[in-house]
Amino acid sequence: MRYKIAILAAVTTFLTATIKYNIENNNSVTVVNQKIGIENLPKEFEGFTILQVTDLHSKSFGESQEGLIELINGLKFDIIAITGDMQNRQDKDYEKFIALLKGINNKEEIFYTPGNHGPMVYKDEVSFNSFTKRNINNYKGKDVISNNSNRSKDNLSNNNDIGERELTEAGIKMKELGVKFLDNVYSIKKGKEILWVSELIYSDEFNELAKGKYNENDIKLALTHYPMNKRGYEGDIGKFLGRYDLVLAGHYHGGQWRIPYVGGIFIPDLNQSGWFPSKERISGLTKWGGFKQYVSRGIGAGGAVEILRFRFFNKPEINLIKLVKKTNL
3 MRYKIAILAA
13 VTTFLTATIK
23 YNIENNNSVT
33 VVNQKIGIEN
43 LPKEFEGFTI
53 LQVTDLHSKS
63 FGESQEGLIE
73 LINGLKFDII
83 AITGDMQNRQ
93 DKDYEKFIAL
103 LKGINNKEEI
113 FYTPGNHGPM
123 VYKDEVSFNS
133 FTKRNINNYK
143 GKDVISNNSN
153 RSKDNLSNNN
163 DIGERELTEA
173 GIKMKELGVK
183 FLDNVYSIKK
193 GKEILWVSEL
203 IYSDEFNELA
213 KGKYNENDIK
223 LALTHYPMNK
233 RGYEGDIGKF
243 LGRYDLVLAG
253 HYHGGQWRIP
263 YVGGIFIPDL
273 NQSGWFPSKE
283 RISGLTKWGG
293 FKQYVSRGIG
303 AGGAVEILRF
313 RFFNKPEINL
323 IKLVKKTNL
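Mapping to the working numbering: the sequence shown position 208 is 210, numbers consecutive.
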């Protein structure tokens with residue numbers, strides 16, 4: 003009898019500690035610092051720092067996001083890269099994302115791509131269901147990696163004006179706060195050197211949007227919600243993408259539910275969902291096919307069932323990425 007009581011007490015203590023730990027974990031955010039070596043990085047961009055924020059999923063960190071805002075405002079960075087899913091698909095609660103944007107002090111350069119949950123910024127953006135029906139291995143000169151469906155020659159005017167498209171309510175508020183939408187390409191200049199920011203798009207489309215201003219020696223940074231993987235981007239698609247020095251992605255949540263010392267349990271993917279994916283695939287810096295890709299675990303949790311919409315042994319993170327001249331990084 004005493005043996006059973008001891009076991010019950012031990013199990014109860016373990017479960018209580020696990021629940022308490024994960025509740026606290028879900029409501030705090032860590033800053034992950036990462037140096038990434040870039041070949042031929044101009045000295046003007048040595049130390050250029052990107053703050054990546056992804057997968058908020060309408061999560062709150064204090065009243066009006068004060069906890070997350072305080073953390074971000076204590077950091078030094080050159081640009082903010084937001085790689086999607088800042089609200090839940092099941093709701094329209096983008097105001098928690100807007101509250102975060104309002105509180106950030108350094109809003110000079112914020113770039114945004116929506117992902118599959120949004121908020122979408124244009125009313126003609128591709129829905130998630132339509133997106134998943136695309137044949138991404140059948141190149142037809144169209145944008146098939148982002149949500150944008152209305153990039154065409156008729157809509158292009160200049161390097162910073164994609165043409166008139168109707169904004170959603172969220173899009174209007176984001177634009178008022180200075181957010182740059184990646185239905186275009188943007189150049190950041192330091193002296194004579196240029197760093198380009200775009201979604202992950204085909205090289206002919208990039209060159210068209212850049213209006214002949216892109217030079218092969220320029221640095222190219224791509225934002226995509228969906229990480230690249232070999233199965234999804236095999237065959238000839240790589241040559242149509244051209245060269246990117248760095249791709250930033252989210253989506254996987256680091257597996258969302260993780261087992262200590264084992265890793266993520268499951269990840270959803272457009273091409274290759276899987277159980278117990280490799281650590282290298284779902285978070286951090288990887289390289290394949292000539293691309294360097296950095297995948298953030300993000301800060302929120304998704305899922306169709308609300309009661310399961312939390313992170314398990316998986317601390318939310320934002321990422322401070324510093325570009326350095328390539329050595330062995």
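Just so it is clear, CB atoms sit at the ideal spot from N, CA and C, and this is done for glycine as well.
Everything numeric in this text was worked out from a predicted model, so none of it was measured.
Review point. Counting along the chain, where does the alpha helix (DSSP H) carrying residue 175 start and finish?
Key: 171 to 178 is the span of the alpha helix (DSSP H), which, as asked, contains residue 175.
Check your understanding: How is residue 260 classed by DSSP in three states: helix, strand or coil?
Key -> Secondary structure of residue 260 (DSSP, three-state): strand.
Review point. Which same chain residues, not among the five before or five after residue 199, have their C-beta less than 6 Å away from its C-beta?
Key: Excluding sequence neighbours, residue 199 sits near 113, 188, 223.
Check your understanding: Buried or exposed: which applies to residue 16, given that a residue is buried once 16 or more other Cβ atoms fall within 10 Å of its Cβ?
Key -> Classification of residue 16: exposed, given that the 10 Å Cβ count is below 16.
Check your understanding: For the alpha helix (DSSP H) that residue 26 lies in, which residues bound it at each end?
Key -> Run containing residue 26: 4 to 28, per the alpha helix (DSSP H) assignment.
Check your understanding: Between residue 34 and the ligand GDP, is the CB less than 7 Å from at least one heavy atom?
Key -> In the structure shown, the ligand GDP is absent, as is every other ligand, since no ligand is present at all.
Review point. Relative to the alpha-carbon of residue 295, which residue among 215, 249, 52, 245 has its alpha-carbon at the smallest distance?
Key: It is 249.
Practice item. Would you mind stating whether residue 312 and residue 28 have Cβ atoms separated by less than 8 Å? Key: Between residue 312 and residue 28, the gap from beta carbon to beta carbon is short of 8 Å.
Practice item. Give every residue of the same chain whose Cβ lies closer than 7 Å to the Cβ of residue 160, excluding the five residues on either side of it in the sequence, and list them in chain order. Key: Note that residue 160 has pLDDT 37, beneath the 50 cutoff, so the model's placement of it is unreliable and no number is given.
Check your understanding: Can you name the residues that DSSP bridges to residue 322?
Key -> The partner list for residue 322 (beta bridge, DSSP) reads 35, 53.
Review point. Out of 306, 303, 225, which has the shortest C-alpha to C-alpha gap to residue 251?
Key: Nearest C-alpha to residue 251: 225.
**Study point:** Reduced DSSP secondary structure (H/G/I, E/B, other) of residue 192
**Key:** Taken through DSSP and simplified to helix, strand or coil, residue 192 comes out as strand.
Review point. Is the number of C-beta pairs between the region 100 to 119 and the region 75 to 83 that are closer than 8 Å three or more?
Key: At 8 Å Cβ cutoff, the stretches touch.
Practice item. Kindly give me the distance between the Cβ atoms of residue 59 and residue 302, rounded to whole angstroms, as I take these residues to be in contact under 8 Å. Key: Yes, residue 59 and residue 302 are in contact; Cβ-Cβ is about 3 Å, under 8 Å.
Practice item. Per DSSP, which residues does residue 187 bridge with? Please list them. Key: DSSP output for residue 187 lists no bridge partner at all.
**Study point:** Top-ranked residue by Cα proximity to residue 172, from 193, 230, 106, 96
**Key:** Taking the Cα of residue 172 as reference, the smallest distance to any Cα among 193, 230, 106, 96 is reached at 96.
Review point. Which same chain residues, not among the five before or five after residue 120, have their C-beta less than 6 Å away from its C-beta?
Key: Cβ neighbours of residue 120 beyond the five flanking positions: 89.
Practice item. Let me know the secondary structure DSSP gives residue 68 once reduced to three states. Key: Residue 68 falls in the helix class under three-state DSSP.
**Study point:** Sub-8 Å separation of residue 259 and residue 269 beta-carbons
**Key:** No; because the gap between Cβ atoms is not below 8 Å, this pair is not in contact.
Check your understanding: Around the Cβ of residue 206, are there at least 16 other Cβ atoms within 10 angstroms (buried) or fewer (exposed)?
Key -> Per the 10 Å Cβ criterion, exposed.
**Study point:** Cβ-Cβ distance between residue 326 and residue 53 below 8 Å
**Key:** In this structure, residue 326 lies away from residue 53, with their beta-carbon atoms at least 8 Å apart.
Practice item. Can you give me the Cβ contacts of residue 32 inside the same chain, cut-off strictly under 6 Å, excluding the 5 residues immediately before and after it? Key: Residues of the same chain with a CB within less than 6 Å of the CB of residue 32, apart from the 5 flanking positions on each side, are 317, 319 in chain order.
Review point. Expressed to the nearest angstrom, what Euclidean distance is found between the alpha-carbon atoms of residue 12 and residue 308?
Key: Residue 12 and residue 308 have their C-alpha atoms spaced approximately 29 Å apart.
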